[in-house]
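When the count follows our numbering, it moves up by one through the sequence shown with no breaks and lands on 1237 for the last residue.
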Amino acid sequence: MTALKFDAASGRYECRAGCGACCIALSISSPIPGMPQGKPAGVRCVQLTDDNRCGIFGSPERPEVCGRLRPEPAMCGDGAAHALVWIAALEAQTSP
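Shown next as structure tokens:
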């Protein structure tokens, strides 16, 4: 996997193309097209394409939580496997 790229103009890291970890590991309580009840943690979002990209990126149907999540080195590590473990641990720590 490639390193995260930092976009100096926005002051943020960019998602690693083809990762998709956040679209699998996160729970999402708001409706998603094709998942009207949201999605549980560990379940692949139906909007995640075969090449692990968001099928509704930039769309108003994309859940707010998805748009607010920002990649950063601690979460994303050296690739999707690291990110899946990190996000799953965060889910476990924050679930009721």
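Ideal Cβ placement from N, Cα and C applies to all residues, glycine included.
DSSP links glutamate 1213 through a beta bridge to no other residue. Sixteen is the threshold: when 16 or more other Cβ atoms of the shown chains lie within 10 Å of the Cβ of lysine 1180, as they do, the residue is buried. Nearest neighbour of leucine 1225 by Cα position, chosen from Leu1189, Lys1146 and Ala1166, turns out to be Ala1166. Isoleucine 1169 sits in a strand when the DSSP states are folded into three classes.
For phenylalanine 1147, the beta-bridge partners assigned by DSSP are Tyr1154. Beta-carbon to beta-carbon, isoleucine 1173 and valine 1187 are separated by about 7 angstroms, close enough to satisfy the 8 angstroms threshold.
Under the DSSP assignment, threonine 1190 falls outside any alpha helix (DSSP H); it carries neither an H nor an E label.
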